[in-house]
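Numbering (the working numbering), first residue to last: 1213 to 1537. For every residue, glycine included, the Cβ atom is placed at its ideal position computed from N, Cα and C. Small disclaimer: the values here were computed from a predicted structure and weren't measured. Heads up: the structure comes next, in structure tokens.
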């Protein structure tokens, strides 16, 4: 089969690789679509600490069961939960498997979904309703990130919300906040193309410093240049939700946090409940315009070019098509 493979440094190629072999309690999935995200770009910039050269990329995966399993029949449309938990560390024992001390992901620690097929445990599969088209279903994973962030933030209907970053996660965060009743939503983003896309979706963009502060601030950047400024956007007694993953220790105004009693929350990935809520929301069509973040759909053979184009900042969410259903 064909697969998009990271070869080390900034080299990404399309290779002919062996089809995944059948294994006990595993299922082989024909990939419908796999999304490319910021994590993939970090890998391809040689900045991810766990990814090793020779890796098949892609952790945002949906497809169809290619071989009948014990749980779901052949041909069933499924979302693949990419999280790999150890099951024995203290967080896992507490049921917090999504923040396992040894947490891995398909597409980072094991072969991913930028391929025609992938082999995953049957326990990682969640059925997708037939009424949900697979292109929209490809957004289940990033939307689950935002749903968890929203719930952990404690945002209430009517709250003023500000979002730092208008990339795919930032725009989905704005859509989720609107769906859950935010009273006003504003965004900050330096990239002109992203500003235009956000404006086209009806979101207000701030180009300078805030003239009003938000009840809930969602930082979807993970960029060190942003961290020192996040309290400036947050109202006294407000909440900060750190959604973007920072590279390590960064500047942060803890005195402002103290003096104005701002609550700080964080999120990493998602739980099974978040995934199922994401599937439900997408199936119901409850978030208008959600597929507008998909800027391109390309074949596997164009995967390396799509990654290169994403690095320029001119694309938003790119889906790579695996096999036709």
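*Relative to the alpha-carbon of residue 1350, which residue among 1289, 1255, 1525, 1484 has its alpha-carbon at the smallest distance?*
Measuring from the Cα of residue 1350, the nearest candidate turns out to be 1289.
*Does the distance from the C-beta atom of residue 1427 to that of residue 1372 stay below 7 Å?*
The answer is yes: Cβ separation under 7 Å.
*For residue 1382, which residues of its own chain have a beta-carbon under 6 Å away from its beta-carbon, when the five flanking residues on both sides are left out?*
Cβ-Cβ distances below 6 Å link residue 1382 to 1375, 1432 in the same chain, with the five nearest sequence neighbours on each side left out; the list follows chain order.
*What residue range is occupied by the uninterrupted alpha helix (DSSP H) comprising residue 1398?*
Taken as a continuous stretch (DSSP letters only), residue 1398 belongs to no alpha helix (DSSP H), being part of the beta strand (DSSP E) at 1396 to 1400.
*Under 7 Å, do residue 1532 and residue 1326 count as touching if we go by C-beta distance?*
Yes.
*Of the residues 1384, 1460, 1240, 1440, which one's Cα is nearest the Cα of residue 1336?*
It is 1240.
*Please state whether DSSP places residue 1220 in a helix, a strand or coil.*
The answer is strand: DSSP assigns residue 1220 an E or B state.
*asked:* For a quick check, are the C-beta atoms of residue 1399 and residue 1369 less than 7 Å apart?
replied: No, these two residues do not count as a Cβ contact at 7 Å.
*Tell me whether residue 1259 is buried or exposed, calling it buried when 16 or more other Cβ atoms sit within 10 Å of its Cβ.*
Of the other Cβ atoms in all chains shown, fewer than 16 fall within 10 Å of the Cβ of residue 1259; this residue is therefore exposed.
*Span separating the alpha-carbon of residue 1482 from that of residue 1360*: As the crow flies, the alpha-carbon of residue 1482 is around 6 Å from that of residue 1360.
_Taking the alpha-carbon of residue 1423 as reference, which of 1347, 1353, 1489, 1446 has the nearest alpha-carbon?_
The residue with the shortest Cα to Cα distance from residue 1423 is 1446.
*Taking three-plus beta-carbon pairs below 8 Å as touching, is the segment 1270 to 1289 in contact with the segment 1236 to 1256?*
A contact between stretches requires three or more CB pairs, one per stretch, nearer than 8 Å, and the segment 1270 to 1289 meets this requirement with the segment 1236 to 1256.
*Assuming residue 1505 and residue 1380 form a contact by the criterion Cβ under 8 Å, report the distance between their Cβ atoms to the nearest whole angstrom.*
In this structure residue 1505 touches residue 1380 by the C-beta definition: roughly 5 Å separates them, less than 8 Å.
*So, is residue 1269 buried or exposed, given that buried needs 16 or more other C-beta atoms within 10 angstroms?*
Flag for residue 1269 reads buried.
_CB-CB length for residue 1321 against residue 1262, believed under 8 Å_ = About 6 Å separates the two Cβ atoms, so the contact holds.
*asked:* Let me make sure I understand the geometry here. Which of 1318, 1453, 1309 has the alpha-carbon closest to that of residue 1385?
replied: Per the Cα distances, 1453.
*Quick one: what's residue 1453 bridged to in DSSP?*
Its beta-bridge partners are 1430, 1477.
*Residue(s) in a DSSP beta bridge with residue 1272*: Partner residues in the beta bridge of residue 1272, as assigned by DSSP, are 1247.
*Residues in its own chain within less than 8 Å of residue 1354 by CB, not counting five upstream and five downstream?*
Answer for residue 1354: 1247, 1249, 1272, 1380, 1381, 1384, 1529, listed in chain order.
*Nonlocal neighbours in the same chain, by C-beta distance under 7 Å from residue 1523, ignoring five residues either side*: Excluding sequence neighbours, residue 1523 sits near 1253.
*One or two residues paired with residue 1415 in a DSSP bridge*: Answer by DSSP bridge pairing: none, since residue 1415 is not bridged.
*In the structure shown, what three-state DSSP assignment does residue 1386 receive?*
Helix.
*What separation, rounded to the nearest whole angstrom, lies between the Cα atoms of residue 1490 and residue 1503?*
Roughly 13 Å separates the two Cα atoms.
*Between 1485, 1513, 1451, which lies nearest to residue 1366 when the distance is taken from Cα to Cα?*
If we check each option's Cα against that of residue 1366, 1451 comes out closest.
*Note down, in chain order, each residue of its chain lying with its Cβ closer than 6 Å to the Cβ of residue 1221, except the 5 sequence neighbours on either side.*
The residues 1258, in chain order, have a CB closer than 6 Å to that of residue 1221 in the same chain once the five nearest residues on each side in sequence are set aside.
*Environment of residue 1233 [buried if 16+ CB atoms lie within 10 Å]*: Per the 10 Å Cβ criterion, exposed.
_Are the CB atoms of residue 1462 and residue 1478 within a distance shorter than 7 Å?_
Annotated as distal: residue 1478 and residue 1462, with beta-carbon spacing of 7 Å or more.
*Out of curiosity, what's the CA-to-CA distance linking residue 1339 and residue 1286?*
If you take the alpha carbons of residue 1339 and residue 1286, they lie about 12 Å apart.
*Taking only the alpha-carbon atoms, compute the straight-line gap between residue 1389 and residue 1228 and give it to the nearest angstrom.*
Distance from the CA atom of residue 1389 to the CA atom of residue 1228, rounded to whole angstroms, is 42 Å.
*asked:* Using the three-state DSSP reduction, which class does residue 1496 fall into: helix, strand or coil?
replied: In the structure shown, residue 1496 adopts helical secondary structure according to DSSP, grouped into three states.
*If you draw a straight line from the C-alpha of residue 1425 to the C-alpha of residue 1409, how long is it?*
Each residue's Cα considered, the two are about 23 Å apart.
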